[in-house]
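Colleague: These protein sequence lines map, in sequence, to chains A and B.
Under the working numbering, think of the first position of the first sequence as 1, with each following residue one higher.
Under the working numbering, think of the first position of the second sequence as 1, with each following residue one higher.
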Amino acid sequence: MGGYLVRRLLYTIPTLVGVSVAVFLLVRLIPGDPARVIAGLLATNEDVDRLRVELGLNRPLYVQYALFMRDILSGNLGISALTRTPVLIEIGSRFPATLMLAITSTVLATGLGVVAGVSSAASYNSWFDYAVMTVALAGVSIPVFWLGIMLMLVFAVHLHWLPAGGYGGPDHLILPAITLAAFSLAIIARITRSSLLETLEADYVRTAQAKGLPHRLVIYQHALRNALIPVITVIGLQFGTLLGGAVLTETTFAWPGLGRLLVGAISSRDYPVIQGVVLIFAVLFVLVNLAVDVLYAYVDPRIRYG
Amino acid sequence: MSTRASATGELRARARPRIGDPRSPARRLFRRRTALAALVALGILVGVSVAAPLLLPLDPDEADLSQVLQLPSRGHLLGTDQLGRDLLTRVIYGGRVSFLIGLSAVLLTVTVGVPVGLVSGYFGGHVDLVIQRIVDFLLAFPGFLLALTFIAILGIGVLNVVVAIAVASVPFYIRLVRGVALSVKNQAFVEAARALGASESRILTWHIFPNCLAPVIVQSTLQVGTAILTAAGLGFLGLGVKPPTPEWGTMLGEGQTYLLSYWFIATFPGLAIFVSVLAFNLLGDGLRDAFDPRRHD
Numbered sequence: 001m002g003g004y005l006v007r008r009l010l011y012t013i014p015t016l017v018g019v020s021v022a023v024f025l026l027v028r029l030i031p032g033d034p035a036r037v038i039a040g041l042l043a044t045n046e047d048v049d050r051l052r053v054e055l056g057l058n059r060p061l062y063v064q065y066a067l068f069m070r071d072i073l074s075g076n077l078g079i080s081a082l083t084r085t086p087v088l089i090e091i092g093s094r095f096p097a098t099l100m101l102a103i104t105s106t107v108l109a110t111g112l113g114v115v116a117g118v119s120s121a122a123s124y125n126s127w128f129d130y131a132v133m134t135v136a137l138a139g140v141s142i143p144v145f146w147l148g149i150m151l152m153l154v155f156a157v158h159l160h161w162l163p164a165g166g167y168g169g170p171d172h173l174i175l176p177a178i179t180l181a182a183f184s185l186a187i188i189a190r191i192t193r194s195s196l197l198e199t200l201e202a203d204y205v206r207t208a209q210a211k212g213l214p215h216r217l218v219i220y221q222h223a224l225r226n227a228l229i230p231v232i233t234v235i236g237l238q239f240g241t242l243l244g245g246a247v248l249t250e251t252t253f254a255w256p257g258l259g260r261l262l263v264g265a266i267s268s269r270d271y272p273v274i275q276g277v278v279l280i281f282a283v284l285f286v287l288v289n290l291a292v293d294v295l296y297a298y299v300d301p302r303i304r305y306g
Numbered sequence: 001m002s003t004r005a006s007a008t009g010e011l012r013a014r015a016r017p018r019i020g021d022p023r024s025p026a027r028r029l030f031r032r033r034t035a036l037a038a039l040v041a042l043g044i045l046v047g048v049s050v051a052a053p054l055l056l057p058l059d060p061d062e063a064d065l066s067q068v069l070q071l072p073s074r075g076h077l078l079g080t081d082q083l084g085r086d087l088l089t090r091v092i093y094g095g096r097v098s099f100l101i102g103l104s105a106v107l108l109t110v111t112v113g114v115p116v117g118l119v120s121g122y123f124g125g126h127v128d129l130v131i132q133r134i135v136d137f138l139l140a141f142p143g144f145l146l147a148l149t150f151i152a153i154l155g156i157g158v159l160n161v162v163v164a165i166a167v168a169s170v171p172f173y174i175r176l177v178r179g180v181a182l183s184v185k186n187q188a189f190v191e192a193a194r195a196l197g198a199s200e201s202r203i204l205t206w207h208i209f210p211n212c213l214a215p216v217i218v219q220s221t222l223q224v225g226t227a228i229l230t231a232a233g234l235g236f237l238g239l240g241v242k243p244p245t246p247e248w249g250t251m252l253g254e255g256q257t258y259l260l261s262y263w264f265i266a267t268f269p270g271l272a273i274f275v276s277v278l279a280f281n282l283l284g285d286g287l288r289d290a291f292d293p294r295r296h297d
């Protein structure tokens, strides 16, 4: 296990370096003069020149990258072009809202998704199986933001059961969390079902059935543990989908998280903030997948000795 | 020699069933009613979108301030929007934009992803290593975030949306095709072709590439749906096409402002996205089952 852990950790380093290069290039790839674009339409030539020096855009690329890395590693993500607040503070103030939404949705999607997938597979080819799979198919086809708006229309505008948006008590969290969880829930249900059905065809399961064990015992004691292994990977990957979906969900429900900060920053071309949020999202995604791989190796001995 | 030739001929016949054969993928696809229904629905949706200028009397972009925010009625079946534009007309014209973006994004992805994946898997070595590191770091970004980032760099517009979506989906194609290339490159038929003196490019094109077709077709069908969803998401955020171009996500985003009193502006474009993506997903699932009948999903 130790050897695998070290290898997997070392493997994360080039990925993180790649991420940093991509985020670094983000500003440099803007067509035209990046300093001019960042300074905005109202800036004078002197402003642009000053900004170019301030951002180090007049120096060789490798020097720029070295400075960029030094800043990141010391926790300096620059200053928002719009609010003149340090980007790290902007991000810090919105991170808890996004984290709360993402964790609630992950728990919802994983819990309900696995239960739906398992019960669907356990009653393979029944009306229940078809019903679950139909809902799951709708779940992967529905636009996140449209689902959000429709839920808002029904539960907030017409029934007045829940608030239409904003940030506050637990009732504010319900609609955004369901909206954000829907797609991942559907994916997890589909994967769990197909993985369990595949496992049920394995020889050891047939042996368990042949020796007369009850159907339920075969599924829950024998097959399920192996069937859930691929599901763990999917949950990790779904976390990325969730971060992307958070951008849309937060915008729909006026949820004050990182996603909305990013959209606002893109609209106002606030590049330091764009860089900061993209960097945080990517690092978060890489770390979650690292955690998933470690968990995976813990659950499945074939991986750590493979 | 002749018996050998007929033996390989027989093998090939067994491996590649014809359409009439119950084992043929096309026949299996048509036997699935849902997949067939999806194919028909897509035919109608795309057909109506393409023929929109011939079918509809109104201009999708022409504002009529005397007809602002009208409820659905006989004159405007889906009502009108905040600028008095007919919503039915805009939803149908929106299909032109969404399908165009979805299909071109997938076409671009396939054009880049398939050759790169083939080369990466077949040649291996340093080329493979470099390509896979690039794929790794593209995959380090959640897909939608990558598309958003590219829009942040390139600015909005149809072409930029297509490029942004293609960048976000190309790593999956490279991985997919590389996997197939790796799994077949050491098989007997490839060695036979090499022994007969076939060039590397000939082996890649005629012996390795055909094995990728089935997974690439399945993936691409599903990917058109994903691309339409991504484009609509960008449009919803106001980061898609330039107004007044009718695009489903953009219309939805504008409609949300009027949600309290005018539910239909946001509802119908969303329904159009949902139905189209559902159809592509059903067709993709049907194709996957048709190519690989042993799967359970």
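Even for Gly, the Cβ is constructed at its ideal location relative to N, Cα and C.
1. Can you tell me the Cβ-Cβ gap for A/I280 and A/I91, rounded? I've got them flagged as a contact below 8 Å.
2. Tell me A/L219's beta-bridge partners as DSSP assigns them.
3. Indicate the three-state DSSP secondary structure (helix, strand or coil) for A/P86 in the structure shown.
4. By how many angstroms is the C-alpha of B/V218 removed from the C-alpha of B/D289?
5. Quick one: grab the DSSP three-state call for A/T44.
6. Over what stretch of residues does the alpha helix (DSSP H) that includes B/G157 continue unbroken?
7. Between B/L103, B/G84, B/Y122, B/L39, which lies nearest to B/L204 when the distance is taken from Cα to Cα?
8. Does B/N281 come within less than 8 Å of chain A when only Cβ atoms are used?
9. Measure the Cβ-Cβ separation of B/R96 and B/V50 and say whether it is below 8 Å.
10. Report the rounded CA-to-CA distance for B/G235 versus B/A140, giving the unit in angstroms.
11. Taking 8 Å as the threshold (beta carbon to beta carbon), is B/L145 in contact with chain A?
12. Should B/V184 and B/N160 be called a contact, given that it needs their Cβ atoms to be closer than 8 Å?
13. Using a Cβ-Cβ cutoff of less than 8 Å, which residues in the same chain neighbour A/A300 once the five nearest sequence positions on both sides are dropped?
14. So, helix, strand or coil for A/I13, using DSSP?
15. Between A/L284, A/V294, A/V292, A/Y298, which lies nearest to B/L145 when the distance is taken from Cα to Cα?
16. Hey, would you say B/A231 sits closer than 8 Å to B/I151, going by beta carbons?
17. Could you give the DSSP three-state label for A/I79: helix, strand or coil?
18. Using a Cβ cut-off of 8 Å (strictly closer), state whether B/T8 contacts chain A.
19. Counting only C-beta atoms, is B/R14 closer than 8 Å to chain A at any point?
20. Start and end of the alpha helix (DSSP H) containing A/G259?
21. Applying the criterion that 16 or more other CB atoms from any shown protein chain within 10 Å of the CB defines a buried residue, is B/L77 buried or exposed?
22. Check for me: the alpha helix (DSSP H) holding B/G117 runs from which residue to which?
23. DSSP three-state call for A/T110: helix, strand or coil?
24. Please say whether A/A182 and A/T307 have beta carbons closer to each other than 8 Å?
25. Determine, using beta carbons only, whether B/A279 and B/A41 come nearer to each other than 8 Å.
26. Tell me the rounded alpha-carbon separation between B/T221 and A/G75.
27. Between B/I134 and B/T245, what straight-line distance do the alpha-carbon atoms span, to the nearest angstrom?
28. Is B/T80 helix, strand or coil by DSSP?
29. Going by beta-carbon coordinates alone, are A/F24 and A/Y65 separated by less than 8 Å?
30. The alpha helix (DSSP H) spanning A/G245 covers which residue range?
31. Could you say if the region 185 to 195 of chain A and the region 135 to 143 of chain A meet the contact criterion of at least three C-beta pairs nearer than 8 Å?
32. Give the secondary structure of B/F141 by DSSP, where H, G and I count as helix, E and B as strand, and everything else as coil.
33. If you scan the region 138 to 191 of chain A from start to end, which runs of the alpha helix (DSSP H) of 4 or more residues do you find wholly inside it?
34. In this structure, how does DSSP classify A/L51 when only helix, strand and coil are distinguished?
35. For B/V116, I'd like the list of residues in its chain whose CB is within less than 7 Å of its CB, leaving aside the five on either flank, ordered along the chain.
36. If you reduce the DSSP assignment to three classes, tell me which class B/T257 lands in.
Modeller: The relevant details are as follows:
1. 6 Å
2. Note on residue identity: the sequence assigns Ile, not Leu, to residue 219 of chain A. Note: A/I219 sits in no beta bridge, so no partner.
3. Strand at A/P86.
4. Going from the Cα of B/D289 to the Cα of B/V218 covers about 9 Å.
5. coil
6. Where B/G157 is concerned, there is no enclosing alpha helix (DSSP H), given that its DSSP letter is neither H nor E.
7. B/Y122
8. yes
9. yes
10. 24 Å
11. yes
12. By the CB criterion at 8 Å, B/V184 and B/N160 fall outside the cutoff.
13. A small correction: the amino acid at residue 300 of chain A is Asp; Ala does not occupy that position in the sequence shown. Cβ-Cβ distances below 8 Å link A/D300 to I229 in the same chain, with the five nearest sequence neighbours on each side left out; the list follows chain order.
14. helix
15. A/L284
16. no
17. strand
18. With a pLDDT of only 46 at B/T8, under 50, the local geometry of the prediction cannot be trusted, and the value read off the model is given with reservation. Output row for B/T8: interface = no.
19. For B/R14, the pLDDT reaches just 46, beneath the cut-off of 50, and the residue's location in the model is therefore unreliable, leaving the point undetermined.
20. DSSP places A/G259 in the uninterrupted alpha helix (DSSP H) bounded by 258 to 267.
21. Residue burial annotation: B/L77 is exposed, with fewer than 16 other C-beta atoms found within 10 angstroms of its C-beta.
22. 87 to 123
23. Of the three classes helix, strand and coil, the one that applies to A/T110 here is helix, per DSSP.
24. Residue 307 of chain A lies beyond the range of chain A shown here (1 to 306); nothing can be said about it.
25. yes
26. 43 Å
27. 35 Å
28. strand
29. For A/F24 and A/Y65, yes; Cβs fall inside 8 Å.
30. 224 to 252
31. yes
32. Correct three-state label for B/F141: coil.
33. Listed in chain order, they are 144 to 151.
34. helix
35. Excluding the 5 residues flanking it on each side, B/V116 has same chain C-beta neighbours closer than 7 Å at I131, I174, in chain order.
36. When secondary structure is reduced to three states using DSSP, B/T257 falls in the coil class, being assigned neither helix nor strand.
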